[in-house]
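A.B. asks: This structure is in structure tokens; I'll ask about it shortly.
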Amino acid sequence: MKTSHKFPLVHRLIHWGLAFAMLVMLLTILLRLGWMEKNHMAAIIQQGLAKISVTIDSKQAVSIAKMIRGEMFQWHIYFGYAVGVFLSARFIYMAKCGLHYLSPFNPQANLQQKMQAAVYWLFYAGVTFSMITGLLLKFGPESVEELAETIHKLALWYFIPFIVLHLAGIVLAETGHDKGLVSKMIGGE
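Mapping of the sequence shown onto the UniProt record's numbering: position 97 corresponds to residue 97, and the numbering continues sequentially without gaps.
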């Protein structure tokens, strides 16, 4: 049975805005964990300075590396605010449309739709916790900083699997009963 999906402009703007903001945030995380990891950058800084006969110790190099990546990581914060805006808009939009269309408890939904809804709600819960812990890290008391940071860093472990599930769902939809789903999500009906 082919399902009929209609994606109004507001739905698509919220979806793509949230997707873009979260992908930028993911990029900042991956840069911070990989190429722009502070000790890796510190070693590059020391090597570069040594070529011009300037020597600094590891602590100084790490300090410079933190300043460089601090500028990059500001984008994580800016796009975190954008995620908050898009997530709030998503919840308002879902409340306006009625939560029945994305409910694992919808009696009219088949098992696949219920499972899809459950995955989305887990995703929204994860994003909400990430947003709250991010705000606590930025504006909260120092007493909760360590716990908030630990929880905030766990976001990577729900976000990457969600992307994989989301893309797999798109492939299944496009090769199954929902051909044209991506086109509708981009251009509307």
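All residues carry an ideal CB built from backbone N, CA and C; glycine is no exception.
Under the assumption that Met-185 contacts His-15 (Cβ atoms under 8 Å), give the Cβ distance between them as a whole number of angstroms.
C.D. replies: With a Cβ gap of about 7 Å, Met-185 and His-15 count as contacting.
A.B. asks: Taking the continuous alpha helix (DSSP H) assigned at Leu-154, which residues delimit it?
C.D. replies: No alpha helix (DSSP H) contains Leu-154, which DSSP labels as neither H nor E.
A.B. asks: Closest by CA to Glu-71, which one among Leu-154, Thr-28, Tyr-120?
C.D. replies: Answer by Cα proximity: Thr-28.
A.B. asks: Specify whether the region 48-63 and the region 109-124 touch according to this definition: at least 3 beta carbon pairs, one from each stretch, less than 8 Å apart.
C.D. replies: No contact exists between the region 48-63 and the region 109-124.
A.B. asks: List the whole-angstrom C-beta distance separating Lys-38 from Lys-6, where the pair is believed to meet the contact cut-off of C-beta under 8 Å.
C.D. replies: Contact flag wrong, Cβ pair sits at about 48 Å.
A.B. asks: Below 8 Å on the Cβ atoms is my guess for Lys-114 versus Asn-106; work out the distance and round it to an integer in Å.
C.D. replies: The Cβ separation is near 7 Å, so the contact holds.
A.B. asks: Taking His-40 as part of the alpha helix (DSSP H), name the residues at either end of that continuous run.
C.D. replies: Here the alpha helix (DSSP H) through His-40 covers 38-50.
A.B. asks: So what's Gln-108 in DSSP terms, helix, strand or just coil?
C.D. replies: Of the three classes helix, strand and coil, the one that applies to Gln-108 here is coil, per DSSP.
A.B. asks: Which of helix, strand or coil does DSSP assign to Gly-176?
C.D. replies: Coil.
A.B. asks: Alpha carbon to alpha carbon, how far is His-76 from Thr-150?
C.D. replies: Each residue's alpha carbon lies about 17 Å from the other.
A.B. asks: Give a yes or no on whether the C-beta atoms belonging to Val-83 and Val-127 are separated by under 8 Å.
C.D. replies: The answer is yes: Cβ separation under 8 Å.
A.B. asks: Mind reading off the beta-carbon distance from Glu-174 to Leu-167? Whole number of angstroms is fine, and I expect it under 8 Å.
C.D. replies: Actually they are not in contact, since the Cβ atoms of Glu-174 and Leu-167 sit about 11 Å apart, beyond 8 Å.
A.B. asks: With distances taken from CA atoms, which of Lys-51, His-40, Tyr-81, Ala-19 is nearest Ser-63?
C.D. replies: Measuring from the Cα of Ser-63, the nearest candidate turns out to be His-40.
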